[in-house]
Amino acid sequence: MEKFIRLTGVAAPLPRPNIDTDAIIPSREMKRVSKEGLGEGLFADWRYSDVAARVPNPDFVLNRPPFDRAPILIGGANFGCGSSREHAVWALKDYGVRCVIAPSFGAIFQGNCVRNGILPLVLAEGHVTALAAAADHRPLTIDLDALTVTLPSGDALTFTIPPADRQMLLEGLDPIGVTLKRLPAIIAFEADHLSRHSWI
Amino acid sequence: MGSTLVEKLWSRHRVADLGDGTDLLYVDRVLLHERTGSIALKELAEKGRAVRHPGRAFVCMDHIVDTRPGRGDETVMPGGTAFIRETRAAATAAGIHVFDIGHDNQGIVHVVSPEQGIALPGLTLVCPDSHTCTQGGLGALAWGIGSSEAAHALATQTLVVRRPRQMRVRFEGTPGPGVSPKDMILHLIATHGADGGAGHAVEFCGPAVTALPVEGRMTLCNMAVEFAAWTGLCAPDAKTIAWIEGRPHAPKEDAWVAAVADWADLHSDADAVFDREIVIDCADIAPYVTWGTSPQHAVPITGQVPALDEARDATAAAAWQRALSYMGLNPGQPLAGLPIDGAFIGSCTNSRLSDLRAAAEVLRGRKVAPGVRAICVPGSMRVKAAAEAEGLHTIFLDAGFEWRESGCSMCFFAGGEHFGQSERVVTTTNRNFENRQGPGTRSHLASPATVAASAIAGRLADARGHTTPAPTGGV
Ligand code: SF4
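For the protein sequence lines, the chains are A and B, in the order given.
In this text, residue positions in the first sequence follow the UniProt record's numbering: the first is 1, and each later residue adds one.
In this text, residue positions in the second sequence follow the UniProt record's numbering: the first is 1, and each later residue adds one.
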């Protein structure tokens, strides 16, 4: 998995609560059994005024430079709620987004981000709004090692993230590989568990 | 200090404490479907990793399969056939059982798993699908995951999980006539918000939950995820045990006796401590219908679209404004009487036998209004067969409903069938998000009885005018 340590870039504001994964990638954009090439379908219903012909909707933030290349999104509360589709995260990644900042996230989406090298960054609602205003078109710097977001003014906000998620992102770990190191413990647990619950 | 039900299930499955509130949990069952499971199997195969216990994993073909009679692997959705065939091939290669198209047991994963006895009280069960929480209705710890996590669960039989906070939602009193479990859960979400359960595992309890049939409890738990809960569940009781006994994958003979004895402990202790508790008086619950594009945009069917100045803050007001323009509605407009174009009965929320009975009770001897496209999609082929055995299909067909093969169907738009731009649809599904049921389609979530009554009226209608079904009816 790709590491996430530090990132500098513009942040595209999408200040709506409850942006669901159906909106992030509509199901019909999940065309193949693959994680690749999903960026084109990112926010398709909002991004294109004619989805089939891929005509850009000039009002949508990702169609307005410099946000068309933003590696950071700033969203509203409960970002990524709804369907568990990991394609939402793969589409963001394919498009070039490496960090989403929001007051809260849908739980499955949040986990999917961490497993794909995208930082789901939680800040208080007031800070998120202020950040979007302060960033405007200018780049932010996110430092996962120092746990800071540095504004264009040079001021910095701090954030927290579960240490396991932070380590996974910083080191770009393969979660299955990490767990398989505990295989002896799993085997021992399993033997005991199944002996007590034979019907499993 | 006693333990909550979730704490008990958690400690039964904890392989290791990973620190910082995170545990390695043992996973008893992994379920997959062709839409998101195929990629998990593919990822394992590419990395040369084996499925640890293929016998405890199951695949359902449900999401993009056609639901028209005579279906095969071909799909209305462009490219769907590849998902079906790749999933089948990958599952077969891994030795995983497939509930496949054309089989008597095929259906929506969250309907099939309980009815097959795959989901059981006390088990941990995961599926790369957000409505896995449905199966918490049996007293399982069941939660939705992503595809990468599904690969992790298949390869290691474990998942790394953050301990959720504990919430109890207690439904007191008795729901009034015509108030269904769907209305109970919509009431909770409307009152406490679509993110009201964030970070929590929610135990639904109280006399009104105890009184619910097992299928109704699954409807309640189904929408825990629309409340942003990590999962929802109900403690198993004698009703649960009776419902499970004899199902194909349920334990048999000595194992059944041992299982039933074990399940007696699966309840929250009297002195268990919850981080949050919500108490709802069922007397306050009416049949609900949504007016907007979030399940929290719900009001009683006798109510109106709220005025924008009732919104909590400017962000909420802006979201309401956007929802109203999508839905083609205005503040203050009454919901009842709104003309509809479509009616849909199905989905993992409301497609079990009791749901079809509740709808049929309203439809019996009546006709769908002209111009309304009405569709019923049973949750599984077994539900379909059971409904046909008691003649429900003739009630639906005589009324003018389409009677489909099982699957997710038009619960969501995958690029195939849909209701159409700006069409107003009353639906027993769980998500009224923008474009969920088709580009521009306007979805109003409601109970099976409300959908049936509205289909007959040709407009959103209060089912209580048609009939007074038992509040909980069915199995
Ligand atoms: S019926 Fe709808 S909500 Fe349920 S699993 Fe299928 S697509 Fe998802």
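The beta carbon of each residue, even a glycine, is placed where N, CA and C say it ideally should be.
- What residue 15 of chain B touches in chain A, judged by beta-carbon distance under 8 Å, is 182, 185, 186 and 189, going in chain order.
- When the five nearest sequence neighbours on each side are left out, the beta carbons in the same chain lying within less than 7 Å of the beta carbon of residue 115 of chain B are those of 247, 380 and 382, in order along the chain.
- For the set A/7, A/178, A/42 and A/33, the Cα lying nearest the Cα of residue 40 of chain B is the one of A/33.
- The way I'd put it, the segment 51-70 of chain A doesn't touch the segment 108-123 of chain A; fewer than three beta-carbon pairs between them come closer than 8 Å.
- Within 7 Å of the C-beta of residue 63 of chain A there is not a single heavy atom belonging to the ligand SF4.
- The beta-carbon of residue 84 of chain A is placed less than 8 Å from the nearest beta-carbon of chain B.
- Among the residues of chain B, none has a CB under 9 Å from the CB of residue 117 of chain A; the nearest is roughly 11 Å distant.
- Excluding sequence positions up to five before and after residue 153 of chain A, its CB lies less than 6 Å from no other CB in the same chain.
- Per DSSP, reduced to three states, the secondary structure at residue 49 of chain A is strand.
- For residue 36 of chain B, a Cβ of chain A is located within less than 8 Å of the residue's own Cβ.
- Against chain B, a Cβ distance below 7 Å from residue 33 of chain A picks out 38, 39, 42, 82, 83 and 86.
- Contact between residue 120 of chain B and residue 250 of chain B holds: their C-beta atoms lie close to 7 Å from each other, under 8 Å.
- In this structure, residue 104 of chain A places its C-beta atom within 8 Å of the C-beta atom of residue 198 of chain B.
- At a threshold of 7 Å, residue 297 of chain B does not count as near the ligand SF4, since its beta carbon sits no closer than that to any of the ligand's heavy atoms.
- Relative to the ligand SF4, residue 408 of chain B has its C-beta within less than 7 Å of a heavy atom.
- Not a single heavy atom of the ligand SF4 lies less than 7 Å from the C-beta of residue 375 of chain B.
- Beta bridge pairing from DSSP links residue 148 of chain A with A/143 and A/158.
- Between the segment 157-168 of chain B and the segment 9-27 of chain B, the count of Cβ pairs shorter than 8 Å is three or higher; the stretches touch.
- Contact with chain A is found for residue 251 of chain B, since one of that chain's Cβ atoms lies less than 8 Å from the residue's Cβ.
- The residue among B/141, B/117 and B/137 with its C-alpha nearest the C-alpha of residue 126 of chain B is B/141.
- The straight-line gap separating the alpha-carbon atoms of residue 343 of chain B and residue 137 of chain A is approximately 46 Å.
- Along the segment 132-148 of chain A, none of the residues has a CB nearer than 9 Å to a CB of chain B.
- Between the segment 75-93 of chain B and the segment 398-417 of chain B, the count of C-beta pairs closer than 8 Å reaches three or more; the two stretches touch.
- In the DSSP assignment, residue 443 of chain B falls within the unbroken beta strand (DSSP E) covering 442-445.
- Flagged as an interface residue toward chain A: residue 415 of chain B, by a C-beta distance shorter than 8 Å.
- A distance below 8 Å between beta-carbons, with the five flanking residues on each side excluded, links residue 425 of chain B to the following residues of its chain, in chain order: 340, 341, 342, 343, 344, 419, 437, 441, 442, 443 and 444.
- Among the residues facing chain B, residue 155 of chain A is not included, as its CB has no counterpart in that chain under 8 Å away.
- Listed in chain order, the non-local C-beta contacts of residue 54 of chain B below 7 Å within the same chain comprise 94, 95 and 96, local neighbours out to five positions each way being set aside.
- Residues of the same chain with a CB within less than 7 Å of the CB of residue 156 of chain A, apart from the 5 flanking positions on each side, are 148, 149 and 150 in chain order.
- Under the DSSP assignment, residue 83 of chain B falls in the alpha helix (DSSP H) whose first and last residues are 80-94.
- In the DSSP annotation of this structure, residue 75 of chain B is not part of any beta strand (DSSP E), being labelled neither H nor E.
- Taking a cut-off of 8 Å on C-beta distances, the segment 217-224 of chain B does not touch the segment 324-341 of chain B, as fewer than three cross pairs fall below it.
- Residue pairing by DSSP places residue 425 of chain B opposite B/342 and B/443 in a beta bridge.
- Contacts between residue 45 of chain A and chain B, judged by CB atoms closer than 8 Å, involve 434, 435 and 439 in chain order.
- Residue 294 of chain B sits in coil when the DSSP states are folded into three classes, being neither helix nor strand.
- A Cβ of chain B is located within less than 8 Å of the beta carbon of residue 179 of chain A.
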